[in-house]
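Enquirer: Protein sequences appear in the order of chains V and G. Be aware that the first sequence starts at 1, since it is given in our numbering, and climbs by one per residue. Be aware that the second sequence starts at 1001, since it is given in our numbering, and climbs by one per residue. We treat Cβ as the ideally placed atom computed from N, Cα and C, and that holds for glycine.
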Amino acid sequence: MIRVSSDLAARLKKEEGFNAGSCFHCGTCTALCPLGYKILPRKLFREAMLGLGDEVRASIPQIFSCLLCRMCEANCPQGVRIAENMRTLRCLITREDFDLT
Amino acid sequence: MTNKRRIGVYVCHCGGNISDHVDVKDVARTLAGEADVEVARTHLFACSDASQQEMIDEIKDRKLDGLVIASCSPKLHTFTFRAMAQRAGLNPYQYVHVNLREQCSWVHGGDKAAATAKGINIVRAGVAKCALTHPLTPLRIETQPRVLVVGAGVAGMRAAIALAEMGLSVFVIERENEPGGWTSQVGWMGPDHQHGPEVVAKLLKEVKNHENVVLYTNAELTAKSGHIGDFTVTIRLCGEKDLTLNVGAIVVATGFTPYEPRDGEYGWGLPGVVTLKEFRQLLEEGDGPLTYRGVPVRDVGFIYCVGSRQTESEDCPEPNTHCSRFCCMATAFSGSLLHEHEKKFGRTINQYHLYRDVRTYGRLETVYAKARADGALFLRWDPSDPPRVEQRNGRLAVKVKDTLLGDEELEIGADLVVLATGMVPRKNGALDDVLKIPKSKDGFYNEIHIKLRPVETAIDGVCIAGTSQGPKNLAESVASSLAAVARTGALLKKGYVDLEPLVAKIDTSKCVWCNECLKACPYGAIERVLYGDKEVATVIESSCKGEGACVPICPQDAIVIEGYRDDQIVAMIDASLKETVPA
């Protein structure tokens, strides 16, 4: 069982531009990824929105390997800004985990 | 062979539906030589325009005085051929329909000889019945241009205004102190941000200002007599004074009752577990940021389908299997209202919508889309494993398996858990005994035909409107209410109504007024009258449906149903027992 963290969810909510709410879980993004990574944007974003920090962090290699090619984004039927969301997650993780300031 | 009657017998092939299994030509040939039959033929499709015209010509040319059509189910074409008989100058009630398709060819495929023999027998029975028919005239009833509307919610008031605009007089009765029903208690409504109390106030103003409408509150319908077009109704005002009104039709818009969760159902009974209506009151009635019992609210869980789409279980022996239609939209819309609140007070409130299937159909889809854009997170649970709500460290903990996260079990901490409770039938008590409107299995009032006659009931002259018929959102409720207005207006503006003459007849010489028929009649169509010095029963023909409960119960054998008289039934049995000798 995973505890939903409303704190992380609330912090993510404050990030302008994170917009995975309209995702309807079709998986087009995953099918189109040219890196063929086992990266599931739909699952990753859902975990992020639920504030599941550990689950999100488990995908750090994939989050930072994303080419930001926007192949997924261009084909998303729900208009989710997938690449932009990836950048938002990178920012959040960089700020909170690596403290590069 | 002497012919008392001149009956035309027409046997239909129904394409091949009948003729593939029954030798229709043989049936016609056999019948052609029998008593009372003037002519017997077959038609490829008796219902086609060409065949009807041929039959009309023959009825006229050969001066037929009876008609037997052996074709499909009478449910399909009784009225087709009654109208045809009328056009041919024959009394429509001297036509008899024989069901040669559903009751013979479709059930006896593979044995043509036996099916043909049976076909001959049932057509013979039809001829025997037809030979004993006599012309009947529909009962023409004058209608009263006044309507009683039961219930002054939005559906009832909207109906009253529309009926008044037709020039009809309208009496609206409301059981409660205040008109307006549930809509007056809901605040903002989706999808177009209308305010419930404002909508009600606008309608109420129109009702009060219209010279044709009279509104009674604290008023209950306690008695009804009469029939379609001319009812006498008794209204009890404030539980003491009785008022008698004469109306031509009744529109019933008594609304619904919100589902009351069982103790412990989704945490019901725990502090912080509220219904959607209570949540909206908390949200809309407070001045500052949302709090519950003094504690600021940071996380809200919404649980959908509470009291709707239930399956039978030990805890729930009588499940509400229906979808309540309005709750997905109303709950998603509440999510957007919560988001507005969040922006207004600059506080983040997380909202988790725990749903089974989102049914925001048609234009309501925009409400769902907006809620998601506004930050509502939708988690889908499976009914085999519903969410559980527990108390933990002074807060609520909702455990749910999110099917979109691979059935991962999540625990969500919440300050409020909002149950989206559905609609259940309203308990109308004595009103049900007065109106006798049939109910469907779910307990709501039932229409005659779900698609083609969606607001009329089995009680002629009584229409149902709004959520008394089943769950509806407000727009649907008003649409059904205006449909009831259209049917009621069509009835009363015409000024008269023709009723089936196939009703009970009482032989006053045999009747001894034992009261049995009165007790058996579900339509209140029997009355006691004095016939000379003798008390006898009489039939209120306009209330009688000809369904016949009084006939076998009568110890004096004094009652017959026109069109199904004893002599006709005996003749049919005799005819169908004749030995079949195909021609």
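Can you find a CB in chain G that lies within less than 7 Å of the CB of I63(V)?
Expert: No, its Cβ sits nowhere closer than 7 Å to a Cβ of chain G.
Enquirer: Distance check for A1332(G) and E1365(G), CA to CA, integer angstroms please.
Expert: Going from the Cα of E1365(G) to the Cα of A1332(G) covers about 10 Å.
Enquirer: Cutting at 6 Å between CB atoms, please list the residues of its own chain near E1284(G), excluding the five before and the five after it.
Expert: G1187.
Enquirer: Does DSSP put I1173(G) in a helix, a strand or coil?
Expert: Looking at I1173(G) - three-state DSSP - the assignment turns out to be strand.
Enquirer: Buried or exposed: which applies to L1530(G), given that a residue is buried once 16 or more other Cβ atoms fall within 10 Å of its Cβ?
Expert: Label assigned to L1530(G): exposed.
Enquirer: Measuring only between beta-carbons, confirm whether M86(V) sits less than 7 Å from chain G.
Expert: So, not an interface residue.
Enquirer: Interface residues of chain V around G1375(G) at Cβ under 8 Å?
Expert: K13, G21, listed in chain order.
Enquirer: Tell whether a beta-carbon distance below 7 Å holds between G1461(G) and A1249(G).
Expert: Yes, the Cβ-Cβ distance between G1461(G) and A1249(G) is below 7 Å.
Enquirer: Run through the stretch 1380 to 1430 of chain G for me and flag every whole beta strand (DSSP E) of 3 or more residues, listed as ranges in chain order.
Expert: Counting only runs of 3 or more, we get 1388 to 1392, 1395 to 1402, 1408 to 1414, 1416 to 1421, 1423 to 1425.
Enquirer: In its own chain, which residues sit with a C-beta less than 8 Å from the C-beta of A1397(G), not counting the 5 before and 5 after it?
Expert: If we look at A1397(G) and ignore the five residues flanking it on each side, its Cβ neighbours are V1389, E1390, Q1391, E1411, I1412, G1413, A1414.
Enquirer: Indicate whether V1434(G) and L1243(G) have their beta-carbon atoms separated by less than 7 Å.
Expert: Cβ distance not < 7 Å, so V1434(G) and L1243(G) don't count as in contact.
Enquirer: DSSP beta-bridge partners for D1230(G)?
Expert: H1227(G), per the DSSP bridge assignment.
Enquirer: Is there a C-beta anywhere in chain G that falls below 7 Å from the one on R3(V)?
Expert: It does: the Cβ of R3(V) has a partner Cβ on chain G nearer than 7 Å.
Enquirer: Answer with yes or no whether the minimum CB distance from L1404(G) to chain V is below 7 Å.
Expert: For L1404(G), the answer is yes, since a Cβ of chain V falls inside 7 Å of its Cβ.
Enquirer: Output the boundary residues of the alpha helix (DSSP H) element that contains A1504(G).
Expert: Here A1504(G) belongs to no alpha helix (DSSP H); instead the beta strand (DSSP E) covers 1504 to 1506.
Enquirer: Give the single residue among V1123(G), K1063(G), S1051(G) whose Cα lies nearest to the Cα of A1028(G).
Expert: Cα-wise, what sits closest to A1028(G) is V1123(G).
Enquirer: Considering only the beta carbon of each residue, do M86(V) and L32(V) sit closer than 7 Å?
Expert: No. Outside cutoff.
Enquirer: Starting from the Cα of E1500(G), find the closest Cα among E1562(G), R1325(G), A1223(G), A1575(G) and give me that residue.
Expert: For the residues E1562(G), R1325(G), A1223(G), A1575(G), the minimum Cα distance to E1500(G) belongs to E1562(G).
Enquirer: Give me the chain V residues within the contact set of R1359(G), using Cβ-Cβ distance strictly less than 8 Å, ordered along the chain.
Expert: The premise fails here: R1359(G) is roughly 15 Å from chain V at the closest Cβ pair, so nothing lies under 8 Å.
Enquirer: Against R46(V), what residues of chain G qualify as contacts under a CB-to-CB distance less than 7 Å, listed in chain order?
Expert: Residues of chain G passing the Cβ test: L1404, L1405.
Enquirer: Could you confirm whether any beta carbon from chain G is found closer than 7 Å to the beta carbon of A83(V)?
Expert: Chain G, which has no Cβ nearer than 7 Å to the Cβ of A83(V), makes this no.
Enquirer: Is it buried or exposed, R1062(G), if we count other Cβ atoms within 10 angstroms and call 16 or more buried?
Expert: Result: exposed.
Enquirer: List in chain order: all unbroken beta strand (DSSP E) runs of 3+ residues lying wholly within the stretch 1295 to 1373 of chain G.
Expert: Segments of the beta strand (DSSP E) lying fully in the stretch 1295 to 1373 of chain G: 1299 to 1306, 1350 to 1355.
Enquirer: Ignore the nearest five residues each way along the sequence and tell me which others in E1342(G)'s own chain have a CB closer than 7 Å to its CB.
Expert: Cβ neighbours of E1342(G) beyond the five flanking positions: T1348, I1349.
Enquirer: Can you tell me the Cα-Cα spacing of R1158(G) and L1419(G), whole angstroms?
Expert: Each residue's Cα considered, the two are about 30 Å apart.
Enquirer: For G1335(G), is the classification buried or exposed, using 16 other Cβ atoms within 10 angstroms of its Cβ as the cut-off for buried?
Expert: Buried.
Enquirer: Mind pulling the chain V residues with CB within less than 8 Å of G1413(G)?
Expert: Here the neighbours are R3, V4, S6.
Enquirer: Which same chain residues, not among the five before or five after H25(V), have their C-beta less than 7 Å away from its C-beta?
Expert: The residues are R42.
Enquirer: Counting C-beta neighbours from all protein chains within 10 Å, is the total for T1311(G) 16 or more, i.e. buried, or is it exposed?
Expert: So T1311(G) counts as exposed.
Enquirer: If you follow the alpha helix (DSSP H) that N85(V) is part of, which residue opens it and which one closes it?
Expert: Here the alpha helix (DSSP H) through N85(V) covers 82 to 93.
Enquirer: Kindly list, in the order they appear in chain G, the residues whose Cβ is closer than 7 Å to that of A10(V).
Expert: Ordered by position in chain G, the residues that pass the 7 Å Cβ test against A10(V) are T1348, N1350.
Enquirer: With burial defined as no fewer than 16 other Cβ atoms inside 10 Å of the residue's Cβ, what is the status of G1181(G): buried or exposed?
Expert: Buried: at least 16 other Cβ atoms inside 10 Å.
Enquirer: Among the residues of its own chain, which have a CB less than 6 Å from the CB of M1001(G), if the five just before and after it don't count?
Expert: Its pLDDT being 45, under 50, M1001(G) is placed unreliably in this model, and the value from its coordinates should be taken loosely. Hits under 6 Å: A1035.
Enquirer: Determine, for D1299(G), whether the minimum Cβ-Cβ distance to residues of chain V falls below 7 Å.
Expert: Yes, D1299(G) lies at the interface with chain V (some Cβ there is under 7 Å from its Cβ).
Enquirer: Examine chain V for any beta-carbon lying closer than 7 Å to the beta-carbon of L1410(G), and answer yes or no.
Expert: Yes, L1410(G) lies at the interface with chain V (some Cβ there is under 7 Å from its Cβ).
Enquirer: If you run the structure through DSSP and keep just helix, strand and coil, what is A1558(G)?
Expert: A1558(G) falls in the coil class under three-state DSSP.
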